[in-house]
Amino acid sequence: GGTATDVLGKVPLVSVDMNGNVSVRGNQNVRIMINGKSTGSAAASISDVLRSIPADQIKNIEVITAPSAKYDAEGSAGIINIVTRQKNVSGISGSLNGGVGTRQNNGNFNLNYNNSGFHATLNLGGFLSWKQTARNSFEQTINDGTINTYTSTQGTSRSGRIGTNNALNMGYDFDTLNSVNMNFRISDFRFNNDGISNTISATPYNFTSEGLNSFSNFDWSADFTHKFKKPGAELSFSTQWSRGSGVTNFTNLYSAVFTDLKNDINGKNNEYTFQVDYTLPINKIFKLEAGGKTILRRINSITDFFSIDPSDQFIFDPVRSNAYGYDQNVFAGYGVLTVNLAEKWSV
Numbered sequence: 221g222g223t224a225t226d227v228l229g230k231v232p233l234v235s236v237d238m239n240g241n242v243s244v245r246g247n248q249n250v251r252i253m254i255n256g257k258s259t260g261s262a263a264a265s266i267s268d269v270l271r272s273i274p275a276d277q278i279k280n281i282e283v284i285t286a287p288s289a290k291y292d293a294e295g296s297a298g299i300i301n302i303v304t305r306q307k308n309v310s311g312i313s314g315s316l317n318g319g320v321g322t323r324q325n326n327g328n329f330n331l332n333y334n335n336s337g338f339h340a341t342l343n344l345g346g347f348l349s350w351k352q353t354a355r356n357s358f359e360q361t362i363n364d365g366t367i368n369t370y371t372s373t374q375g376t377s378r379s380g381r382i383g384t385n386n387a388l389n390m391g392y393d394f395d396t397l398n399s400v401n402m403n404f405r406i407s408d409f410r411f412n413n414d415g416i417s418n419t420i421s422a423t424p425y426n427f428t429s430e431g432l433n434s435f436s437n438f439d440w441s442a443d444f445t446h447k448f449k450k451p452g453a454e455l456s457f458s459t460q461w462s463r464g465s466g467v468t469n470f471t472n473l474y475s476a477v478f479t480d481l482k483n484d485i486n487g488k489n490n491e492y493t494f495q496v497d498y499t500l501p502i503n504k505i506f507k508l509e510a511g512g513k514t515i516l517r518r519i520n521s522i523t524d525f526f527s528i529d530p531s532d533q534f535i536f537d538p539v540r541s542n543a544y545g546y547d548q549n550v551f552a553g554y555g556v557l558t559v560n561l562a563e564k565w566s567v
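If you're matching positions, the sequence shown starts at 221 in our numbering and goes up one per residue.
Below is the structure:
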């Protein structure tokens, strides 16, 4: 019944806080990869992705604190690569499991097929967090030398999460040296919260809020790998398309003092990646790595604000609303020569 969050909490150098935020050596600037591939869902919400991966589907976790130049610069604290189980036994096999708790529930279905060089793994998973209630209290007294100003706020809030993370991995081994793989991943996460508070001050007021955040992601990747007869030498070509969309809606209502506000944010992003990597172990001392990469990013976001009118109706506010578009093209190459000086030393 455990999840990837529970597993990561037991990995050396890695820590996970109560909100599911991951850090390596105390730094949260971590890049999460699944089976060696970046995912748009991880970029949107690492904690939700980890909640949706069941512990028994994890084969091992790799923590890379000094990534090679073949990896992007994102994730200065390191890279965490979650390797999932993909059974190699011929035939068909599957599993179904789940867990129920007072805070979170999760379920997972796994199906594996392997025959004559073709292999496929289907994984369907999801989680549901019960709505949790939190109470908060704040009191403040300010004395300016003449008058004491007292403010007291009492409130409660509730929040819950639900998400799914589904993946299909397929591959074909032409022979012992050549193989092709294709991966699909679809994820959807939703977070809703509401709250109410009462403030006692010179001008007392009540505050009510409602919010919904949702993220949907689609990742597709394909790669071809050719292994040379020299052990450790290989050439790979890979491509990836990540598409993500996010919606944030919140409404704040005040009984006095402040103006009621409603806000809708809709964002979409597409990222296209093309990469070639070559690895050549020259001998026991020297290893050469070289490659190139192209990343095309297309990001769009629309933010709409609504203000209350005298008839208590929300109307569109064109002055505060805005639209944002961003395009980025990255072309990069790398070359690395690794020198092993001794068992405990390298350059």
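No residue lacks a Cβ here, since even glycine has one placed at the ideal position from N, Cα and C. Everything numeric in this text was worked out from a predicted model, so none of it was measured.
On a CA-only basis, which of the options is nearest residue i? Give me that one, please.
i: serine 372; options: Asp439, Gly380, Ser462, Ser421; result: Ser421
i: tyrosine 425; options: Phe478, Asn398, Phe534, Ser399; result: Phe478
i: asparagine 343; options: Asp364, Gly545, Asn389, Gly365; result: Asn389
i: valine 550; options: Asp439, Ser541, Ile515, Asn403; result: Ile515
i: asparagine 398; options: Arg405, Phe448, Thr361; result: Phe448
i: proline 451; options: Ala340, Gln460, Lys504; result: Lys504
i: asparagine 328; options: Gly466, Ser310, Arg271, Arg540; result: Arg271
i: phenylalanine 438; options: Thr471, Gln460, Phe427, Thr428; result: Gln460
i: arginine 405; options: Thr341, Ser243, Gly321, Val556; result: Thr341
i: threonine 428; options: Thr471, Gly391, Leu561; result: Thr471
Between the alpha carbons of residue i and residue j, how many angstroms are there, rounded?
i: leucine 316; j: glycine 383; result: 18 Å
i: serine 441; j: asparagine 401; result: 8 Å
i: alanine 510; j: glutamate 454; result: 11 Å
i: asparagine 386; j: phenylalanine 338; result: 20 Å
i: threonine 353; j: serine 475; result: 23 Å
i: histidine 446; j: phenylalanine 457; result: 9 Å
i: asparagine 490; j: phenylalanine 394; result: 32 Å
i: aspartate 443; j: tyrosine 291; result: 16 Å
i: lysine 507; j: asparagine 255; result: 23 Å
i: isoleucine 535; j: serine 379; result: 27 Å
i: isoleucine 252; j: valine 303; result: 11 Å
i: asparagine 247; j: aspartate 532; result: 46 Å
i: proline 530; j: leucine 473; result: 14 Å
i: aspartate 537; j: glutamine 548; result: 30 Å
i: valine 283; j: asparagine 301; result: 7 Å
i: glycine 464; j: asparagine 368; result: 51 Å
i: glycine 222; j: glycine 240; result: 13 Å
i: tyrosine 370; j: asparagine 280; result: 56 Å
i: isoleucine 502; j: serine 436; result: 44 Å
i: lysine 230; j: serine 267; result: 16 Å
i: leucine 481; j: asparagine 356; result: 22 Å
i: serine 336; j: asparagine 330; result: 21 Å
i: valine 556; j: serine 417; result: 58 Å
i: glutamine 324; j: serine 377; result: 18 Å
Report, in whole angstroms, the separation of the C-beta atoms of residue i and residue j, which I expect to be a contact under 8 Å.
i: asparagine 249; j: alanine 297; result: 5 Å
i: asparagine 334; j: phenylalanine 347; result: Actually they are not in contact, since the Cβ atoms of asparagine 334 and phenylalanine 347 sit about 28 Å apart, beyond 8 Å.
i: glycine 375; j: glycine 345; result: That belief does not hold up - the Cβ atoms of glycine 375 and glycine 345 are roughly 35 Å apart, past 8 Å.
i: arginine 381; j: serine 349; result: 4 Å
i: arginine 245; j: leucine 233; result: 6 Å
i: asparagine 363; j: lysine 257; result: Contact flag wrong, Cβ pair sits at about 59 Å.
i: serine 407; j: valine 236; result: That pair is no contact at about 19 Å.
i: glycine 512; j: glycine 553; result: 4 Å
Is residue i helix, strand or coil by DSSP?
i: valine 227; result: helix
i: glutamine 248; result: coil
i: valine 320; result: coil
i: alanine 297; result: coil
i: glutamine 533; result: coil
i: arginine 355; result: strand
i: arginine 540; result: strand
i: alanine 387; result: strand
i: isoleucine 281; result: strand
i: arginine 271; result: helix
i: isoleucine 266; result: helix
i: aspartate 237; result: coil
i: aspartate 276; result: helix
i: tyrosine 291; result: coil
i: glycine 452; result: coil
i: threonine 396; result: coil
Quick check: does the Cβ of residue i come within less than 7 Å of any heavy atom belonging to the ligand SAM?
i: serine 235; result: Ligands in the displayed structure: none, and consequently the ligand SAM is not present.
Contact the region 494-502 vs the region 518-531: 3+ CB pairs below 8 Å: Touching, no.
Is it true that the region 513-520 meets the region 470-490, where meeting means three or more beta-carbon pairs spaced less than 8 Å apart? Yes, the region 513-520 is in contact with the region 470-490.
Three Cβ pairs or more, each shorter than 8 Å: is that satisfied between the region 430-440 and the region 411-418? Pairwise C-beta distances place the region 430-440 in contact with the region 411-418, as three or more of them are shorter than 8 Å.
With three or more C-beta pairs closer than 8 Å as the rule, is the region 265-278 touching the region 315-331? Touching, yes.
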